[in-house]
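Novice: My questions will all concern the structure given below.
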Amino acid sequence: MSVKIAFLGMPNKVGRSAYLIKGSRKVLLDYGVDLGKTPQFPDPVDVSSLDLFVISHSHLDHMGAAPMLYVSGDVPAITTPPSIEISDLLIRDFMKLSGEYLLFEYIDFISLRRNVHLLGYRKPFLFDGVSVTLFDAGHIPGSAQVLVEMDGRRILYTGDINTYETMLQSPADMDLGVELDAVIMESTYGNSRHPDRREMERRFVEQAIETIESGGTVLVPAFAVARSQEILLILDKYDFPYEIVMDGMAIEVTKILLSQPGYLRDPERLRRAFNAVRKIYRWRDRKKVVNERCLIIAPAGMLGGGAAVFYLNKLIDDPKNRIFLVGYQAPGTPGRSLLEEAESEEARDRADVVYMRFSAHADVDGLFRFASSIEGDPTFYIVHGDGDARMNIGELISDRLGYRVVYPGHREEYIV
Ligand SMILES: [Zn+2]
11 MSVKIAFLGM
21 PNKVGRSAYL
31 IKGSRKVLLD
41 YGVDLGKTPQ
51 FPDPVDVSSL
61 DLFVISHSHL
71 DHMGAAPMLY
81 VSGDVPAITT
91 PPSIEISDLL
101 IRDFMKLSGE
111 YLLFEYIDFI
121 SLRRNVHLLG
131 YRKPFLFDGV
141 SVTLFDAGHI
151 PGSAQVLVEM
161 DGRRILYTGD
171 INTYETMLQS
181 PADMDLGVEL
191 DAVIMESTYG
201 NSRHPDRREM
211 ERRFVEQAIE
221 TIESGGTVLV
231 PAFAVARSQE
241 ILLILDKYDF
251 PYEIVMDGMA
261 IEVTKILLSQ
271 PGYLRDPERL
281 RRAFNAVRKI
291 YRWRDRKKVV
301 NERCLIIAPA
311 GMLGGGAAVF
321 YLNKLIDDPK
331 NRIFLVGYQA
341 PGTPGRSLLE
351 EAESEEARDR
361 ADVVYMRFSA
371 HADVDGLFRF
381 ASSIEGDPTF
391 YIVHGDGDAR
401 MNIGELISDR
411 LGYRVVYPGH
421 REEYIV
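Each residue of the sequence shown is one higher than the one before, counting from 11 in the numbering used here.
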């Protein structure tokens with residue numbers, strides 16, 4: 011029996027991910043949404059025909075539509091313990107922001123939770139002739155690469171992947187030990203190189219200290235999941251001498267991560283650093299803290315909401331202050347606009363805005379190294395990349411490694 015991969019999301023951009031593996035059984039890998047003014051969903055699937063559903067990690071572009079599968083169904087699901095806990099938090103937040111557009115209720119997520127089999131890395135899950143194994147993807151805690159073995163075929167889906175060690179996590183597992191027939195590979199940074207991480211860490215800490223020493227306040231709007239904790243660990247590594255304040259969902263996420271220490275590189279260090287942080291829960295404290303010489307870590311990372319927006323409005327008009335954007339800023343987001351305005355003449359009398367990309371994805375070198383580590387003679391299906399990111403890494407893989415490379419489009423199907 012042939013095995014097919016159907017691309018139900020948007021494989022030609024960084025966006026909603028959904029891949030259906032169809033052979034003697036049907037396995038769905040991720041079911042995510044595109045965020046924006048109104049969320050966009052992947053193609054519908056016939057839930058009654060599904061045998062298994064796997065969540066690679068807890069970002070909404072990978073699992074934001076997952077509760078839809080449980081409105082009328084009860085498909086067995088697989089993911090890691092941190093992924094389900096963080097998903098719970100992010101789905102509730104998503105419902106608060108976009109509930110009116112969603113085709114599910116929180117109770118459908120509860121139904122998903124009831125159907126989840128929690129799985130650690132490198133432990134095969136056998137189900138009706140299908141085997142699913144998760145490998146560490148190094149992207150955010152609990153993130154997984156997914157190996158599906160069905161009808162004599164082996165398909166690897168990378169999910170989002172980071173091949174570099176960060177303060178928070180070990181790099182992606184690149185020792186899978188099996189020959190593959192197909193690799194569905196992300197390519198977010200398939201056309202760019204990250205700046206030197208250690209050098210950037212040093213610059214970040216130096217500039218933050220300099221701002222506070224000249225009487226200012228530092229704001230770091232950061233993603234609640236993984237980035238806020240990474241920033242905290244970097245500050246700890248360099249013995250940051252001033253008070254660190256944390257606000258919003260970053261606090262809850264850190265607590266979840268500390269309850270799953272096996273998925274962290276150095277849980278004791280995170281625990282120590284987090285204990286020393288001043289946590290803010292009340293408006294009275296927020297209003298006070300903006301007048302203090304300290305560093306504030308607060309989501310959302312692209313300034314689309316959350317406590318960071320309040321702090322930004324209070325801090326932006328004083329040139330003594332500094333704002334560090336430490337992650338990807340999608341076009342159309344307030345974070346991207348702030349970056350663009352920072353170049354203008356008027357920005358001179360405002361707080362300094364600095365962009366530093368502490369990425370959780372592999373860059374082109376990392377992706378190439380990952381592809382080089384693969385065994386067998388697989389076809390690479392390059393997904394999850396904007397512009398020429400897919401082609402750039404795809405050409406490197408076909409030219410230098412000699413593998414067949416495919417750039418699938420929305421709704422296309424390929425035989426493995
Ligand atoms: Zn992700």
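A virtual CB, placed ideally from N, CA and C, is assigned to each residue, including glycine.
How about A16 and L30: are their beta carbons less than 8 angstroms apart?
Specialist: A contact, by the Cβ cut-off of 8 angstroms.
Novice: Please report the straight-line C-alpha distance between Y417 and Y199, rounded to a whole angstrom.
Specialist: If you take the alpha carbons of Y417 and Y199, they lie about 15 angstroms apart.
Novice: Do I326 and R360 have their C-beta atoms closer together than 8 angstroms?
Specialist: A contact, by the Cβ cut-off of 8 angstroms.
Novice: What do you reckon, is the C-beta of H67 under 7 angstroms from a heavy atom of ligand 1?
Specialist: Under cutoff, so the answer is yes.
Novice: State the Cα-Cα distance for the pair V140 and V374, rounded to the nearest angstrom.
Specialist: The straight-line gap from Cα to Cα measures roughly 32 angstroms.
Novice: Reducing DSSP to helix, strand and coil, say where F368 ends up.
Specialist: Coil, per DSSP.
Novice: Which runs of the beta strand (DSSP E) spanning at least 3 residues fall entirely within the segment 164–246, listed in chain order?
Specialist: You should have 189–196 and 228–231.
Novice: Can you tell me whether DSSP reads D61 as helix, strand or coil?
Specialist: It is coil, neither helix nor strand.
Novice: Residues in its own chain within less than 7 angstroms of D396 by CB, not counting five upstream and five downstream?
Specialist: Within the same chain, D396 has close Cβ partners K23 and V24.
Novice: Here's the rule I'm using: 16 or more other beta-carbon atoms within 10 Å means buried, otherwise exposed. How should L2 be labelled?
Specialist: Because the chain is modelled from 11 through 426, residue 2 falls outside the range shown and cannot be assessed.
Novice: Where does the unbroken beta strand (DSSP E) through P344 begin, and where does it stop?
Specialist: Careful: P344 lies outside any beta strand (DSSP E), inside the alpha helix (DSSP H) at P344 to E351.
Novice: Is any non-hydrogen atom of ligand 1 found closer than 7 angstroms to the C-beta of D170, if you look at the structure I gave you?
Specialist: Checking the Cβ of D170 against ligand 1 gives yes.
Novice: Using a Cβ distance threshold of 8 angstroms, determine whether the segment 205–223 contacts the segment 243–256, with at least three qualifying pairs required.
Specialist: Flag = yes, the segment 205–223 and the segment 243–256 touch.
Novice: Quick one, are the C-beta atoms of L60 and V85 less than 8 angstroms apart?
Specialist: The answer is yes: Cβ separation under 8 angstroms.
Novice: If you run the structure through DSSP and keep just helix, strand and coil, what is K324?
Specialist: In this structure, K324 counts as helix in the three-state DSSP scheme.
Novice: In terms of alpha-carbon separation, which member of R35, Y365 and E95 lies closest to G345?
Specialist: That would be Y365, whose Cα lies nearest to the Cα of G345.
Novice: Output yes or no for whether 8 angstroms exceeds the beta carbon distance between I88 and L62.
Specialist: Yes, the Cβ-Cβ distance between I88 and L62 is below 8 angstroms.
Novice: Given a cut-off of 8 angstroms on the beta-carbon distance, is the pair L128 and P77 in contact?
Specialist: Contact: no.
Novice: Compare the Cα-Cα distances from A192 to each of R414, S58, R421 and H420 and report the closest residue.
Specialist: If we check each option's Cα against that of A192, R414 comes out closest.
Novice: Looking at the secondary structure, which residues open and close the alpha helix (DSSP H) in which D118 lies?
Specialist: Element bounds for D118: Y116 to R124.
Novice: Check whether the Cβ of H420 sits closer than 7 angstroms to any heavy atom of ligand 1, and report yes or no.
Specialist: No.
Novice: Cα separation between V426 and S66?
Specialist: Distance between the alpha carbons of V426 and S66: 21 angstroms.
Novice: From R279, V43 and I120, pick the residue whose C-alpha is nearest to that of L178; which is it?
Specialist: Answer by Cα proximity: R279.
Novice: How far does the beta strand (DSSP E) with M256 in it extend, from its first residue to its last?
Specialist: Taken as a continuous stretch (DSSP letters only), the beta strand (DSSP E) holding M256 covers I254 to D257.
Novice: Check each candidate in D44, R379, S82 and I96 and name the one with the smallest Cα separation from S269.
Specialist: Cα-wise, what sits closest to S269 is I96.
Novice: Tell me, which residues are paired with I425 by DSSP?
Specialist: Note: I425 sits in a beta bridge opposite K14.
Novice: Give a single yes or no on whether H149 has its beta carbon closer than 7 angstroms to a heavy atom of ligand 1.
Specialist: At least one heavy atom of ligand 1 is nearer than 7 angstroms to the Cβ of H149, so yes.
Novice: Based on the DSSP output, what are the partners of D373 in its beta bridges?
Specialist: Y199, per the DSSP bridge assignment.
Novice: Does the Cβ of S434 have 16 or more other Cβ atoms within 10 Å, making it buried, or fewer, making it exposed?
Specialist: Lying outside 11 to 426, the shown extent of the chain, residue 434 is not represented and no answer is given.
Novice: Judging by CA-CA distance, which residue of Y273, R303 and V263 is the nearest neighbour of F284?
Specialist: Closest by alpha carbon: V263.
Novice: Do you know offhand how far I290's Cα is from D53's?
Specialist: The straight-line gap from Cα to Cα measures roughly 41 angstroms.
Novice: I'd like to know whether the C-beta atoms of I222 and V215 end up nearer to each other than 8 angstroms.
Specialist: Not in contact: I222 and V215 (Cβ atoms no closer than 8 angstroms).
Novice: DSSP on A260, reduced to helix/strand/coil?
Specialist: Helix.
Novice: If you run the structure through DSSP and keep just helix, strand and coil, what is F390?
Specialist: The answer is strand: DSSP assigns F390 an E or B state.
Novice: Tell me which residue opens and which closes the beta strand (DSSP E) that V431 is part of.
Specialist: No answer is possible for residue 431: it lies beyond the span of the chain, which begins at 11 and ends at 426.
Novice: Does the distance from the CB of I194 to the CB of Y391 come in under 8 angstroms?
Specialist: Going by C-beta atoms, I194 is nearer than 8 angstroms to Y391.
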